[in-house]
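Let me begin by presenting the structure, written as structure tokens, before commenting on it.
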């Protein structure tokens with residue numbers, strides 16, 4: 001379905017399906033976009049699966065830090081799989097229709113995995129805080145049981161909240177248009193299609209974002225303020241460099257993820273534009289997951305050493 005055909009779709013009184021505009025306004029680049037998204041998706045899958053395999057095979061990486069990193073890599077695989085396969089289907093089949101239920105399901109999984117990422121990033125910062133600021137108590141505080149509990153809470157904590165938010169959003173009536181000017185079902189473009197005043201729904205989005213994203217981010221900031229203070233007190237520059245290297249990768253991932261996501265969800269609806277929303281969404285849904293394996297592996301000597309062992313064994 002090309003861009004002109006999308007324009008000819010008639011509105012019905014009851015919404016049964018939406019149309020994802022995606023990148024249909026770039027008809028001459030459809031083949032190029034399909035190739036790019038395919039390559040990026042493969043890179044994300046290979047990079048994150050490789051980290052999971054390395055951590056599971058190497059005994060020197062059986063530590064809380066790498067346990068959470070394996071969870072994070074698993075999450076990134078799930079996270080991108082919510083959006084990228086649908087993008088490839090839409091471009092490849094030139095069929096941009098998506099049913100109401102499929103759209104709600106995609107949004108729900110996207111929000112749940114997004115919440116998991118926020119919580120897991122907070123847990124990983126807490127792990128680094130304990131390791132650097134309270135090293136003597138680290139084995140006791142971050143015991144295997146405690147790590148498992150923190151991981152389970154991260155994976156499951158956002159499910160009830162985001163299911164409720166998804167149900168609330170799709171309880172609205174849609175009358176402005178049924179064409180979602182985005183490449184997946186996300187909150188800002190869906191709210192634009194709603195009839196009447198959506199201020200209550202926008203407020204609920206802000207509240208949920210503050211609860212599942214802003215609060216974990218505050219915990220990350222508190223952890224790193226204490227970490228940086230502790231590192232600056234270390235007597236040698238070598239010690240400071242070693243301590244900072246163990247958390248710098250995680251801090252970079254936090255800044256990349258939260259920077260683009262915050263701009264997307266905390267702006268008023270009137271300030272949203274389709275082009276900007278797509279660009280920001282591409283950044284935190286696809287670009288960041290693609291670079292995460294590189295950030296964690298290239299900046300971590302233990303991961304590089306474990307990778308060399310795996311290669312030499314093969």
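In UniProt numbering, the protein residues as written are 1 to 314.
Here a beta-carbon is modelled for each residue, glycine too, at the ideal position from N, C-alpha and C.
Check each candidate in the options and name the one with the smallest Cα separation from residue i.
i           : options            : result
residue 33  : 149, 92, 69, 292   : 92
residue 161 : 118, 112, 150      : 112
residue 263 : 198, 39, 282, 144  : 282
residue 180 : 191, 173, 168      : 191
residue 98  : 47, 204, 19        : 19
residue 22  : 83, 199, 296       : 83
residue 227 : 108, 135, 56       : 135
residue 279 : 89, 260, 27        : 260
residue 291 : 277, 253, 213, 300 : 253
residue 211 : 102, 114, 256      : 114
residue 95  : 17, 186, 172, 312  : 17
residue 320 : 132, 90, 100, 26   : Past the edges of the chain, shown from 1 to 314, lies residue 320, and the structure says nothing about it.
residue 119 : 152, 206, 163, 141 : 152
residue 139 : 42, 127, 38        : 127
residue 223 : 122, 188, 170      : 122
residue 167 : 35, 103, 48, 27    : 103
residue 38  : 26, 47, 85, 25     : 85
residue 255 : 220, 286, 241, 165 : 220
residue 124 : 145, 144, 109, 150 : 150
residue 81  : 48, 236, 240, 100  : 48
residue 90  : 229, 183, 249, 225 : 183
residue 288 : 79, 24, 107, 247   : 79
residue 203 : 249, 247, 165      : 165
Would you say residue i lies against chain B (beta-carbon separation less than 7 Å)?
i          : result
residue 76 : The question asks about chain B, but that chain is absent: this structure has only one protein chain.
Apart from the five residues just before and just after residue i, which ones in its own chain have a Cβ nearer than 8 Å to its Cβ?
i           : result
residue 54  : 61, 303, 306, 307, 310
residue 51  : 69, 70, 73, 293, 296, 297, 303
residue 196 : 173
residue 141 : 130, 134
residue 88  : 34, 37, 38, 41
At which residues does the beta strand (DSSP E) containing residue i begin and terminate?
i          : result
residue 20 : 17-20
Go ahead and label residue i buried or exposed: buried means 16 or more other beta carbons lie within 10 angstroms of its beta carbon, across all protein chains shown.
i           : result
residue 209 : buried
residue 64  : buried
residue 201 : buried
residue 277 : buried
residue 175 : exposed
residue 169 : buried
residue 300 : buried
residue 144 : exposed
residue 137 : exposed
residue 148 : exposed
How is the alpha helix (DSSP H) around residue i delimited, first residue to last?
i           : result
residue 154 : 144-156
residue 47  : 30-57
residue 205 : 199-209
residue 196 : Segment: none, residue 196 is in no alpha helix (DSSP H) and carries neither H nor E.
residue 165 : 159-169
residue 284 : Run containing residue 284: none; DSSP gives neither H nor E here.
residue 229 : 215-232
residue 61  : Where residue 61 is concerned, there is no enclosing alpha helix (DSSP H), given that its DSSP letter is neither H nor E.
residue 141 : 138-141
In the DSSP assignment, what residue or residues form a beta bridge with residue i?
i           : result
residue 318 : Nothing in the structure corresponds to residue 318, since the chain is present only between 1 and 314.
residue 97  : 19
residue 174 : 194
residue 180 : 20
For residue i, collect the residues of the same chain with a Cβ closer than 7 Å to its Cβ; drop the 5 residues on either side in sequence, then sort them by chain order.
i           : result
residue 116 : 75, 154, 155, 158
residue 45  : 77
Please go through the same chain and pick out, in chain order, the residues whose beta-carbon is closer than 6 Å to the beta-carbon of residue i, but skip the five residues on each side of it.
i           : result
residue 315 : It is not possible to answer for residue 315, since the shown part of the chain is limited to 1 through 314.
residue 319 : No statement about residue 319 is possible, as the shown extent of the chain runs from 1 to 314 and does not include it.
residue 36  : none
residue 11  : Unreliable placement is indicated for residue 11, whose pLDDT of 43 sits below 50; the coordinate value is still reported in the next sentence. There are no such residues.
residue 66  : 55
residue 109 : 82
residue 43  : 290
residue 213 : 118
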